[in-house]
Amino acid sequence: MKTVGMVVNQSKPGAIEFAKGLIQLLEDKGIKVLIEPFVGEYVKRDDLAIPLHEFHQQAECVFVLGGDGTLLGVAREFSVHNIPLLGINLGNLGFLSEAEPDHLPDVIDKINRGDYYLEKRMMIQAELIQNGMTKAVYHALNDICIAKGTFSRIINCAVHVGDQYVSTFNGDGMIVSTPTGSTAYSLSAGGPIVSPSIHAILLTPIAPHSLSVRPMVLAIEQEIRITVSATHEDMGLTVDGQLGIRLQVGDQIVLKKSPYKTSLIKWKERSFFDVVRKKLMGDQA
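Structure (structure tokens):
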């Protein structure tokens with residue numbers, strides 16, 4: 284590894300100081316580091332600073348210092364360039380992160396030795412159609428969520444898979460997630476945990492106004508079309524829980540497998556189920 288980009292979530296306590304120490308460790312191993320200008324200013328290393336959107340021109344991988352939310356945002360930025368990401372957990376859960384702050388020298392040695400593998404995570408594409416015209420196209424690593432706003436009034440999501448009508452789900456909304464997102468909001472809403480090696484799209488209703496509604500798992504080849512309606516205008520669409528877009532009655536969201544994938548650096552000795560046990564079940568073994 285010759286060049287590493289580094290993305291730092293400055294809102295995390297101690298993140299900038301942590302980044303400063305990591306830069307030194309990497310440079311001691313002969314690895315060039317790229318950082319964003321605001322980080323360069325904080326750590327007095329303007330010589331390393333370039334804009335984030337230029338990282339892909341030099342970086343062989345990107346270290347992401349933060350939590351899962353930080354990594355999700357970086358994934359949307361770099362998936363189009365197919366650059367591997369290594370999450371270094373400075374947050375709470377850190378389900379997507381592979382490295383912990385206490386083991387950095389070992390992390391760098393593993394990267395240098397190539398003692399890792401790349402896990403290609405599928406993403407979802409969402410096309411927002413208003414008044415019969417495409418307004419925007421989004422790509423998400425975790426999920427696309429359609430939900431009511433602050434008022435306690437239901438919204439209706441009419442779902443079609445391909446040309447077939449599935450049902451109209453009445454409730455707080457609908458989560459459309461990848462297997463990666465199955466351990467995020469979808470899980471909280473009662474959806475299943477799905478191994479990231481399985482290529483599928485999950486439909487998880489949010490607080491459905493019915494006793495018979497259950498989550499669904501669909502093949503990635505299938506296109507999903509959701510038409511939203513309500514007696515009010517307080518509806519929105521979110522991308523990975525980070526981008527928010529206001530919806531109008533009659534809007535359609537067309538969802539399918541994204542042409543992009545997120546490449547995550549993973550250790551060979553740790554499996555997805557090890558992470559599930561430790562992060563979600565409290566098993567420290």
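Residue numbers (my numbering): 284 to 568.
For every residue, glycine included, the Cβ atom is placed at its ideal position computed from N, Cα and C.
Model, not experiment: these values are computed from the prediction.
Query, Result
"The region 534-554 contacting the region 506-516, beta-carbon criterion three pairs below 8 Å", "yes"
"Three-state class that DSSP yields for His515 in the structure shown", "coil"
"Asp426: first and last residue of the uninterrupted beta strand (DSSP E) it sits in", "426-431"
"Contact under 8 Å by Cβ, Asp426 with Tyr468", "yes"
"Heavy atom of the ligand FMN within 7 Å of Asn372 beta-carbon", "As presented, the structure is devoid of all ligands, the ligand FMN included, so that no description of it is given."
"Presumed contact (8 Å Cβ cut-off) between Ile438 and Gly456, rounded CB distance", "6 Å"
"Cα-Cα separation between Arg396 and Arg529, rounded to whole angstroms", "47 Å"
"Residue burial classification, Gly370 (beta-carbon count within 10 angstroms, cutoff 16)", "buried"
"Whole runs of the alpha helix (DSSP H) within the region 455-534, excluding any shorter than 4 residues", "468-471"
"Proximity to Ile394 [Cα-Cα], best of Val558, Val442, Lys549", "Lys549"
"Arg404 vs Lys544 beta-carbon contact at 8 Å", "yes"
"Cutoff 8 Å: His336 Cβ touching any chain C Cβ", "Going by chain labels, chain C is absent from the structure shown, which holds only one protein chain."
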